[in-house]
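This report refers to the structure that appears directly beneath it.
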Amino acid sequence: MTTPIHRPSLRYLTACEPAVLRSVVLPRLKGMCVSPEVDSVFDCPHDALPALLSLIQLSECSLTSLTLNHAVFTDVLFNVLDLTPTVESLRLSVQHWRSHYNPIFKTLIDRLAACSNEDSPTFSFLPLIRDFRVYIHDSRMEAGPCRFIDHSFFDMVSLRWKSRTLKAVRLIISEPGEGLSWSLTSEHIDLLRESKNDGLDINVAVERYSPTVYGYDDVTVERFV
């Protein structure tokens with residue numbers, strides 16, 4: 010086994026090849042972006058998340074920013090996040106939606122919503138999150154719709170906004186049908202709009218794709234918040 014290379018001065022890294030992630034020790038790493046090349050139609054390798062976990066374990070770094078673009082999401086995500094309590098910015102992006110992502114993303118939202126005191130919320134999971142973004146850009150959605158958005162998403166946003174830690178939220182998802190697959194109510198939407206009026210930088214929208222005669226997809230964006 011090759012000995013990992015120490016790079017004590019490196020603070021920001023973008024990579025998705027597991028061999029690269031496992032080859033370095035970065036004790037001062039602050040910003041990590043796991044991403045394929047720009048405009049790539051391919052996802053990151055299946056073992057990119059386990060390799061990221063290995064990097065964090067070996068480096069014992071304190072990340073403040075974590076971006077996962079087109080990673081293959083598994084429960085390893087939670088092993089990673091449990092080791093990065095200092096993260097302030099978390100951005101997740103998917104271009105090929107899979108049905109087993111629903112329980113993973115639902116668990117993520119539920120854990121972000123869990124707090125010890127709703128009157129004065131404090132959080133044990135990612136307590137410092139200021140910027141939370143989820144982008145599901147899949148023009149086909151062949152695995153079915155996103156079903157992880159429900160009252161827990163509203164609870165997460167409202168409680169963390171109440172704690173005055175959360176500053177920005179983005180939720181942009183592809184919708185395969187004409188209706189809505191989420192369980193947010195009109196009351197939830199109205200209250201999220203009130204938070205936006207009070208200063209929260211929030212954007213909740215649905216993308217709908219339709220084929221054209223040229224084989225490309227037209228996209229219509231419906232903004233709710």
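Numbering (the working numbering), first residue to last: 10 to 234. Glycine included, every Cβ here is placed at the ideal spot set by N, Cα and C. None of these values were measured; they are calculated from a predicted model.
task = Please check if any C-beta of chain C sits within less than 9 Å of the C-beta of residue 209.
result = Absence of chain C from the displayed structure is noted, only one protein chain being present.
query = Using DSSP with H/G/I as helix, E/B as strand and the rest coil, what is residue 165?
reply = To locate residue 165, count along the sequence shown from 1; it is residue 156. When DSSP states are grouped into helix, strand and coil, residue 165 belongs to the helix group.
message = Let me make sure I understand the geometry here. Which of 228, 171 and 146 has the alpha-carbon closest to that of residue 204?
response = Reading the sequence shown from its first residue, position 195 is the one you call residue 204. Nearest option by C-alpha distance: 171.
ask   = How many angstroms separate the CA atom of residue 234 from the CA atom of residue 18?
value = Looking up residue 234 in the sequence shown gives position 225. Looking up residue 18 in the sequence shown gives position 9. In this structure, the straight-line span from the alpha carbon of residue 234 to that of residue 18 is close to 41 Å.
query = Using CA coordinates, which residue listed in 213, 151, 208 and 145 is at the minimum distance from residue 101?
reply = Position 92 of the sequence shown holds residue 101. The shortest CA-to-CA distance from residue 101 to any of 213, 151, 208 and 145 is the one to 145.
ask   = Is it the case that the Cβ atoms of residue 180 and residue 213 are separated by a distance below 9 Å?
value = Along the sequence shown, read from residue 1 onward, the residue named residue 180 stands at position 171. Along the sequence shown, read from residue 1 onward, the residue named residue 213 stands at position 204. Yes, the pair counts as a contact, with Cβ atoms nearer than the cut-off.
query = Helix, strand or coil: which one does DSSP assign to residue 119?
reply = Working through the sequence shown from its first residue, we reach residue 119 at position 110. Looking at residue 119 - three-state DSSP - the assignment turns out to be helix.
key: As assigned by DSSP and simplified to three states, the class of residue 29   = The residue labelled residue 29 in the question sits at position 20 within the sequence shown. It is helical.
ask   = From 77, 65 and 184, pick the residue whose C-alpha is nearest to that of residue 149; which is it?
value = The residue you call residue 149 lines up with position 140 of the sequence shown. Of 77, 65 and 184, the residue nearest in Cα terms is 184.
ask   = Does the distance from the C-beta atom of residue 7 to that of residue 35 stay below 9 Å?
value = Past the edges of the chain, shown from 10 to 234, lies residue 7, and the structure says nothing about it.
key: Residue environment, residue 301, which counts as buried when at least 16 other CB atoms sit within 10 Å   = For the chain, the structure presents residues 10 to 234; residue 301 sits outside this window and is missing.
query = Rounded C-beta distance between residue 137 and residue 99? I'm assuming under 8 Å.
reply = By one-based count along the sequence shown, residue 137 stands at place 128. By one-based count along the sequence shown, residue 99 stands at place 90. Wrong, their Cβ atoms sit about 10 Å apart, outside the cutoff.
task = Report the three-state DSSP secondary structure of residue 91 (helix, strand or coil).
result = Start at 1 with the first residue of the sequence shown, and residue 91 comes out as number 82. In this structure, residue 91 counts as helix in the three-state DSSP scheme.
message = Given this structure, state the Cα-to-Cα distance separating residue 88 from residue 157, to the nearest angstrom.
response = Counted from its first residue, the sequence shown places residue 88 at position 79. Counted from its first residue, the sequence shown places residue 157 at position 148. Near 20 Å, if we compare the C-alpha coordinates of residue 157 and residue 88.
task = Select from 47, 24, 38 and 23 the residue whose C-alpha is nearest the C-alpha of residue 16.
result = What you label residue 16 is simply residue 7 of the sequence shown in a count that begins at 1. Among 47, 24, 38 and 23, the Cα nearest to that of residue 16 is on 38.
key: DSSP-derived helix/strand/coil call for residue 101   = Residue mapping note: residue 101 aligns to position 92 of the sequence shown, counting from 1. For residue 101, the secondary structure class from DSSP, reduced to helix, strand or coil, is strand.
key: Residue closest to residue 215, alpha-carbon to alpha-carbon, out of 231, 119 and 152   = On the sequence shown, residue 215 is found 206 positions in, with the first residue counted as 1. Of the candidates 231, 119 and 152, 231 places its Cα closest to the Cα of residue 215.
inquiry  = Taking the beta carbon of residue 93 as the centre, do at least 16 other beta carbons fall within 10 Å, making it buried, or is it exposed?
reply    = Locating residue 93 in the sequence shown gives position 84, where the first residue counts as 1. Classified as buried, residue 93 has 16 or more neighbouring CB atoms from the shown chains inside 10 Å of its CB.
key: Closest by C-alpha distance to residue 106, when choosing among 25, 24, 152 and 30   = Taking the first residue of the sequence shown as position 1, residue 106 is located at position 97. Taking only the C-alpha atoms, the option nearest residue 106 is 152.
inquiry  = Using only the alpha-carbon positions, how far apart do residue 21 and residue 211 sit?
reply    = As a first step, residue 21 is located in the sequence shown; it is residue number 12 there, counting from the start. As a first step, residue 211 is located in the sequence shown; it is residue number 202 there, counting from the start. Distance from the CA of residue 21 to the CA of residue 211, rounded to the nearest whole angstrom, comes to 26 Å.
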